[in-house]
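Asks:
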Amino acid sequence: MKTYTALGLALASAASAQRLTARQGVTADDFAVQTLKNIESNFKMNDASLPKLNVTKEWQHICFSNLNYGEQVSFFKTGTIRRDDILDAKAYYIAHVETTAVNPGPGNKASKMTMSSSTTTSQVDTKGWTVGIKLTGTVSTGVVPGAPSANGGVEISGSYTDTTMKTDSTTKTVTREEECDVGYECRLETWTFHLDIHAKPRVDGAFQLWDTFNGYGKEIPTCSMPKNYRGCEQFTQRIDEWCKEETLPGGAIYIPAKQEEVHIKAPVFEANGYQTFTRIVKVFNPIVKSQKARAAEPTIGTKETVMEAMKQGTKFKFLD
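Residue -7 is where the sequence shown starts when you use the working numbering, and the numbers rise one by one after that.
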């Protein structure tokens, strides 16, 4: 996974990190739900560093009538995601099963589970937007066993972004031993947390000229195109695409903004911006759990799927 280096869609600074949960001493099961809930609900935008559309410029020879202004031209699209543009944000995790155990008994002796590796699975699909996500605080199981705590907020920033679409897996060596109680099927999983952002930002057309003598000209919004450039179809078709005027009831003329709906998926990083936010989780099901309920357990989970699994008797315990 590439470390994010370009933009700054900051949801909260570390100095003003909010608590991810308002209560101490929640159960391990509640903590799994609360962690997902907090990732998707506690975020703010840094208006000084908003995510932008990663501009890809394709150059073409300029039309004959505009050769006095340049030799080549690039038409492209720009955009910025602001807080009001975000329609919804959904936290989810991708689970990788590291080891399993079944303890049918008899007796009451727990069986051992040994974990030797942890695999992180990161999914990136930013649709060309420079968007990344990181924590601004800490999420842990707490100092006191059985009393989980989660502090901090979530920051979305293009300062740590990867604009490609890919899924990466990274495995590291770990040593962990856990117990599986009688009557349970147990798994040790690595959860990699992600955020799915549904946004509808404004997008605008722009263009730039180039010639051998002057090099690159400045980027000009399409609707600010000088009238003397509008002498050929190469340029006027962009005016027609981006700058169609409409008339308000009072007679005023305006150019309606164009919006583009996007779904952006990216992993959540730790507060340092380098390490993917992962947790090792013990998942244990009653052996008597129905096959239907067991088959419904997802590899990609949300707070809703966790709560549904809990209704079926599944327990969750964060181990780090």
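Think of the CB as a built atom: it goes at the ideal place given N, C-alpha and C, for glycine as much as any other residue.
Does the segment 49 to 60 come close enough to the segment 23 to 30 that 3 or more CB-CB pairs lie under 8 angstroms?
Replies: no
Asks: Excluding sequence positions up to five away, which residues of its chain have a Cβ less than 7 angstroms from the Cβ of R271?
Replies: Cβ neighbours of R271 within its own chain (closer than 7 angstroms, five residues either side excluded): W183, F310, D312.
Asks: Is it true that the CB of K164 sits closer than 8 angstroms to the CB of S109?
Replies: yes
Asks: To the nearest angstrom, how far is it from the Cα of S5 to the Cα of E147?
Replies: The predicted position of S5 is uncertain, since its pLDDT is 31 and thus under 50; a value taken from the coordinates is nonetheless stated next. Roughly 7 angstroms between the two C-alpha positions.
Asks: Just to confirm before moving on: does the CB-CB distance between I256 and V94 stay below 8 angstroms?
Replies: Cβ distance not < 8 angstroms, so I256 and V94 don't count as in contact.
Asks: Which of helix, strand or coil does DSSP assign to D76?
Replies: It is helical.
Asks: If I'm right that E181 touches A102 with Cβ under 8 angstroms, what's the distance once you round it to whole angstroms?
Replies: The Cβ separation is near 19 angstroms, so there is no contact.
Asks: In its own chain, which residues sit with a C-beta less than 6 angstroms from the C-beta of A24, not counting the 5 before and 5 after it?
Replies: V298, F308
Asks: Just how far apart, CA to CA, sit P193 and N46?
Replies: P193 and N46: Cα-Cα distance of roughly 14 angstroms.
Asks: Does C172 come out as helix, strand or coil in the three-state DSSP assignment?
Replies: strand
Asks: Would you identify the three-state DSSP class for D232, choosing helix, strand or coil?
Replies: helix
Asks: Can you give me the C-alpha to C-alpha distance between G305 and Q115, rounded to a whole angstrom?
Replies: 29 angstroms
Asks: Alpha carbons only, please: which of A244, D203, E238, A249 is nearest the one belonging to G62?
Replies: D203
Asks: Rounded to whole angstroms, what's the CA-CA distance from Y221 to K295? Just pull it up for me.
Replies: 54 angstroms
Asks: On the CB-based measure, 16 or more other CB atoms within 10 Å of its CB, does V89 come out buried or exposed?
Replies: exposed
Asks: List the whole-angstrom C-beta distance separating G150 from K44, where the pair is believed to meet the contact cut-off of C-beta under 8 angstroms.
Replies: 7 angstroms
Asks: Which class does N206 belong to by DSSP, given the choice of helix, strand or coil?
Replies: Three-state DSSP puts N206 in coil, outside helix and strand.
Asks: Determine the DSSP secondary structure at N277, reduced to helix, strand or coil.
Replies: strand
Asks: Is the distance from the Cβ of K126 to the Cβ of G265 below 8 angstroms?
Replies: In this structure, G265 lies closer than 8 angstroms to K126 by Cβ.
Asks: Give me whichever residues DSSP pairs with A24 in a beta bridge.
Replies: None, per the DSSP bridge assignment.
Asks: Please classify E253: is it buried, with 16 or more other beta-carbons within 10 angstroms of its beta-carbon, or exposed?
Replies: exposed
Asks: Do we get a CB-CB distance below 8 angstroms when we pair V275 with the residues of chain C?
Replies: No chain C is part of this structure, which consists of one protein chain only.
Asks: Using the Cα positions of T268 and Y84, report the straight-line distance between them to the nearest angstrom.
Replies: 14 angstroms
Asks: Can you tell me whether DSSP reads N30 as helix, strand or coil?
Replies: Reduced to three states, the DSSP call for N30 is helix.
Asks: Using the C-alpha atoms, what's the distance from R74 back to F199?
Replies: Each residue's alpha carbon lies about 23 angstroms from the other.
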